[in-house]
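Sequence positions in the sequence shown follow our numbering and run 1 to 310. First comes the structure, then the notes that go with it.
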Amino acid sequence: MFSVIIPNYNGLQLLKKNLGQIVSVLKSEEITDIIIVDDASSDDSFTYIKENYPAINLIKNTQNQGFGVSCNKGAAVAKESILLFLNTDMLPQRINRTEIQRHFKDKNLFALSPKIERKDKSGTIINESLTTGYFKGGWFSSEVNPNYSNSLLESGFPVLWACGGACFIDKKKFDQIGGFDPIYRPFYFEDLDLSYRAWKQNWNVLYTSKSSFYHQHQGTIGSLFTKQQIDRIHLSHEYLFMWKNLTDLSFLISHSVTVLIKILTIQVRDIRAILRAIKHFPDIIKYRCSIQSKRTDDSVLSQWSSFYNK
């Protein structure tokens, strides 16, 4: 049925605050294969888990590997056919096992994205599972889109990516696609990259409102990194994502022109991001030579074109 993989890095306070509730909800749904991968924490996370939750399968990295590698290690020892990746800042509100299993009977389903709610700065509740994307002006843009109609929200409709903080994934397909790419270490874009690769293999990533989680936004990352560090990582990983995944010739030409303009106009922030990303170029070339996409970028993104072609 379900294996739960929870990555942790210096998250002792979140563990103390949330792990009890997480385990309680999982047990109520008869989910017992719970795996926590501690990413070489320097706080007492490992000891706390070991002493208070001995039934949890606890794995400890000897050195910090980042979100993606930790999740992959957990998935490698998972016993069940459906993986639930779950961050320590995600509180499960409801898990509808029957509905999830029904969805995964579809052989083309790669991931199911549950309803994930969080409060924005104004206190408004946002459903951050409603993800869409588009390509314009040489740039791939992805976003949480509030403009879904209520009729769509009641059905299993496509989303661009399933948030890595709380998502259900077919283990067989996850292994087949190679899991999360460690190129995005330490964080950000692993989940978008994973879902987009799945879309390009002609698999589906769908939304369900029948299972839900509450997100204490950036409860983990925001406590460990400054906003400037997060922004720098995010921008360089945007470049990595595009260089790695875009295959439509028109997209590649448009993006190349955009990069050239940014360099010639000395846009320092972008130039620094490009230099950080270009270090991974050998890995990008290796990936692009190894993969055969079954869908074009345009055909994937056209699923959400109605939101932008107005």
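Backbone N, C-alpha and C define an ideal beta-carbon position, used for all residues, glycine too.
Check                                                                                                                             : Outcome
For Asp181 and Arg288, the rounded distance between their alpha carbons                                                           : 13 Å
Where Tyr207 sits in the DSSP three-state scheme                                                                                  : strand
Reference Val159; option with closest CA among Gly20, Leu91, Pro114                                                               : Pro114
Cβ-Cβ distance between Ile59 and Asp38 below 8 Å                                                                                  : yes
Sub-8 Å separation of Phe110 and Ile82 beta-carbons                                                                               : no
Proximity below 8 Å, CB of Ile116 to CB of Asn108                                                                                 : no
Three CB pairs or more closer than 8 Å across the region 177-195 and the region 66-83                                             : yes
The region 20-30 in contact with the region 138-147 per 3-pair CB rule at 8 Å                                                     : no
Touching by the beta-carbon criterion (3+ pairs, under 8 Å), the region 194-212 and the region 165-180                            : yes
Option nearest Ile285 by Cα separation, candidates Ser293, Lys244, Arg276, Gln292                                                 : Lys244
Residue burial classification, Thr98 (beta-carbon count within 10 angstroms, cutoff 16)                                           : exposed
Distance, Tyr134 Cα to Phe140 Cα                                                                                                  : 6 Å
Bridge partner(s) assigned by DSSP for Glu117                                                                                     : Asn127, Tyr214
Inter-stretch contact (C-beta, 8 Å, three-pair minimum) for the region 9-24 and the region 46-57                                  : yes
Backbone secondary structure at Ser3 - three-state DSSP                                                                           : strand
Burial state of Lys119, where buried means 16 or more other Cβ atoms lie within 10 Å                                              : exposed
Contacts around Phe157, its chain only, beta-carbon distance under 8 Å, and the 5 residues preceding and following it disregarded : Tyr148, Leu206, Tyr207
Collapsed DSSP secondary structure at Trp139 in the structure displayed                                                           : strand
Residue(s) in a DSSP beta bridge with Lys294                                                                                      : In the DSSP output, where bridge partners are listed per residue, Lys294 has none listed.
Close Cβ partners of Ser42 (< 7 Å) along its chain, the five nearest in sequence each way excluded                                : Asn10
Reduced DSSP category for Phe85 - H, G, I as helix; E, B as strand; rest coil                                                     : strand
Cα-Cα separation, Ala273 to Arg102                                                                                                : 43 Å
Supposed close pair Val257, Gly138 - CB separation, criterion 8 Å                                                                 : 6 Å
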